[in-house]
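For the sequence shown, the positions run 113 to 267 when my numbering is used.
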Amino acid sequence: MFQRNSNKGGNKKSSSKNKKDKKADQIIVKNAKYEGYLKKKGNSSLKLYQKRYFILVEDILNNSRYLKYYKSKELIDEKESNLLGSINFDDLTAPPVLYNCTLTLIIQSRAYKLKAENIQEAKKWHDIFQSAYQRATSVKHIEIDSTILKQSITH
């Protein structure tokens, strides 16, 4: 269930949707690059996979990318009171890994395991994660380079 967000203007119209669905769509359209359902492996001792709704959000002001997840699309709200968690792509310590239908995102304190319904969907998500990771790491390099340049100019 992978969806690329193609409505840039946020003017989704549907007479069959209720107000909560419309509000969720507006939030997604506003900042999201990609969205859809994946199964996330739990962090508890049972470590079961649970279906979650993921949204890759790009924060243009801070030049950051976040993978936010909710129990379902219907629970998305403007205040993010139903947000279960988020993964900042700036915190990834390695590129995203794809093995069969399982994607792994590794940050310092944890490895997130996400499972797609099929290999095609997993490859799409992997490409999206790879792109977000590359943008995050290229920004880090630019920031480091500019810091080095500033130091060399002042010394």
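Virtual Cβ for every residue (Gly too), placed ideally from N, Cα, C.
Here the structure is a predicted model, which is why all the values come from computation and not from measurement.
Closest by C-alpha distance to residue i, when choosing among the options
i, options, result
"N175", "Y224, L217, D202 and E147", "D202"
"K145", "K183, E233 and W237", "W237"
"G148", "A228, Q246, T214 and A248", "A228"
Nearest-angstrom Cα separation, counted from residue j out to residue i
i, j, result
"T205", "K152", "19 Å"
"A234", "L168", "15 Å"
"K191", "D239", "29 Å"
"S250", "Q232", "27 Å"
"N212", "D189", "33 Å"
"S221", "F241", "19 Å"
"L210", "T216", "7 Å"
"P208", "Q246", "10 Å"
"S198", "N230", "23 Å"
"N155", "I218", "13 Å"
"L173", "A248", "14 Å"
"L95", "K163", "Nothing can be reported for residue 95, as the shown portion of the chain is limited to 113 through 267."
"A244", "T214", "18 Å"
"D171", "S193", "19 Å"
Residue j beta carbon less than 7 Å from that of residue i
i, j, result
"L195", "K180", "yes"
"N200", "Y224", "no"
"L226", "L150", "yes"
"Y161", "K185", "no"
Limits of the beta strand (DSSP E) - the one that residue i falls within
i, result
"L226", "R222 to K227"
"G197", "G197 to N200"
"L217", "T214 to I219"
"D171", "Y161 to D171"
"K180", "S176 to Y182"
"L210", "V209 to Y211"
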